[in-house]
Amino acid sequence: MEELSDKQAETLREQLVELVAELENTLRANADSADPVVLDQSTVGRLSRMDAMQQQAMAKATREKAQLRLTQCKVALSIFDRGEYGLCRKCEEPIGYRRLCAKPEAPFCLECQQAADV
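With the numbering used here, the residue at position 85 of the sequence shown is 75, and numbering never jumps.
What follows is the structure, encoded as structure tokens:
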């Protein structure tokens, strides 16, 4: 793989900055969606409570995933500032531009990511 051109790197940096802002806005907007479910047995039936608890669990999982991605994006930006962005953190080979376009916070090249996923 080739190293990123200056133009490609700047495009990816802008994408990371936009993604950080988007994730922060999403987390702020949905801050109360993962709050504990208040179980008022007098007004809510058993299935409604179960549905509310399931929705709360799904919202919590979604928030955790967004928070993880936000952290990964911030780490990628700090790596960018050190001049090491676009290099696999395992094999130190360049990560492909197409992979970084799809997931700009990717810390590993496709081969190392696939090996880690097995």
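Idealized CB from N, CA, C, for every residue including glycine.
Query	Result
Cα separation between D(-4) and R18?	33 Å
Apply the 10 Å Cβ neighbour rule to C110 and answer buried if 16 or more other Cβ atoms are within range, or exposed otherwise.	Because the chain is modelled from -9 through 108, residue 110 falls outside the range shown and cannot be assessed.
Taking the continuous alpha helix (DSSP H) assigned at D107, which residues delimit it?	L100 to D107
Which partner residues does L77 have in the DSSP bridge list?	P84
Below 8 Å, can you find three or more Cβ-Cβ pairs linking the stretch 7 to 18 to the stretch 57 to 64?	yes
Could you tell me the boundaries of the alpha helix (DSSP H) in which K154 lies?	This structure cannot speak to residue 154, because the chain is shown only from -9 to 108.
Under 7 Å Cβ to Cβ from E(-8), same chain only, skipping five residues before and after it: list those, please.	P84
Taking the straight line between their C-alpha atoms, what separation do you get for V109 and D41?	Residue 109 lies beyond the range of the chain shown here (-9 to 108); nothing can be said about it.
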